[in-house]
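FYI, the numbering for the sequence shown is 1 to 253, going by our numbering.
Heads up, the beta-carbon is just placed ideally off N, CA and C, and yes, glycines get one too.
Please read all numbers here as calculations on a predicted model, not as lab measurements.
This report concerns only the one structure given below.
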Amino acid sequence: MEGSAMHNPRTVVEVFTDFKSRRTAIIKALTIDVEDFFHQCDPDKENLCLYGFPSEHWEVNLPAEEVPPELPEPALGINFARDGMQQKDWLTLVAVHSDAWLLSVAFYFGARFGFDQADRKRLFTMINDLPTISEVVTGLAKKQGKEKSSVSNHSSNKPKSNSKGGSESQAKYSRAMQSEDENGFGEEDEEEHEESKCGACGENDADEQFWIFCDSCERWFHGKCVKITPARADHIKHYKCPSCSHKRSRPLP
């Protein structure tokens with residue numbers, strides 16, 4: 001068995017690297033190499049385990065004979081339920097047990113080499129930032145990634161800084177929002193706060209709304225107040241609010 005060789009990561013980073021490599025191997029077995037993995041888990045064979053190794057290779061094999069083993073062992077007999085369950089459900093169950101095994105191996109190293117509370121917390125945080133094998137196998141990780149990307153894109157829509165004067169006005173907007181305290185606004189803060197209000201409706205609430213900056217009058221507007229969507233704003237290099245556009249189009253006397 002490939003894992004029989006001594007492999008003893010001693011630092012938090014080394015243990016995390018070991019965790020990631022074993023995780024990569026098991027994910028490969030349950031996704032890319034799933035047909036091969038399924039075939040190797042013959043229910044007519046003895047108790048089989050799925051091993052992931054630091055080399056990022058996986059293996060279906062019998063458990064270690066020594067007691068106690070060098071490392072914690074994966075779930076025994078994963079092959080017995082192969083033909084008694086839907087393949088998707090069986091793979092998900094193997095993934096869940098693999099997640100538990102990876103954590104036990106990582107914290108086994110932590111215990112063996114004397115990780116203190118801070119090291120254990122750091123290790124868990126690093127591990128927890130990765131999707132679980134179960135989330136990858138079931139597709140939940142991909143779905144969550146899309147949702148995070150959607151939230152990130154939505155947040156980036158407000159405020160929108162155009163090339164002309166955008167950064168300066170955004171700084172004004174930030175200063176106005178930060179100047180509010182329990183005692184309200186001072187005279188100077190009040191003036192800045194006034195500048196941060198929507199040039200159309202005069203309100204400064206609804207922080208989650210999309211805002212757009214007029215390059216002509218240098219005021220901010222709620223997108224909905226001037227009928228501009230985030231998608232449309234992406235194609236506008238120099239935005240002029242309806243009032244400024246009307247002034248420009250007015251014929252000379």
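Whole angstroms is fine: what's the gap from residue 42's alpha carbon to residue 82's? 8 angstroms
Identify every residue that forms a DSSP beta bridge with residue 59. The secondary-structure analysis by DSSP pairs residue 59 across a beta bridge with 51.
Under the rule that 16 or more other beta-carbon atoms within 10 Å means buried, what is residue 236, buried or exposed? exposed
Could you please give me the residues that DSSP links to residue 212 through a beta bridge? 221
What do you reckon, is the C-beta of residue 213 under 7 angstroms from a heavy atom of the ligand NAD? No copy of the ligand NAD occurs in the structure displayed, which carries no ligand at all.
Do you know whose CA, among 100, 67, 63, lies nearest residue 45's CA? 63
Within the continuous alpha helix (DSSP H) that includes residue 254, where are the two ends? The structure shown does not extend to residue 254, since the chain is modelled only from 1 to 253, so the question has no answer here.
What residues in its chain sit with their C-beta under 7 angstroms from that of residue 102, if we drop five residues either side in the sequence? 19, 22, 23
Go ahead and label residue 32 buried or exposed: buried means 16 or more other beta carbons lie within 10 angstroms of its beta carbon, across all protein chains shown. exposed
Taking Cβ positions, are residue 74 and residue 49 nearer each other than 8 angstroms? yes
Local Cβ density within 10 Å of residue 134, reported as buried at 16 or more and exposed below that: buried
Just to confirm my understanding: we take residue 13, look at its own chain, exclude 5 residues before and 5 after, and list those with CB closer than 8 angstroms. What are they? Hits under 8 angstroms: none found.
CB-CB length for residue 230 against residue 210, believed under 8 angstroms: 5 angstroms
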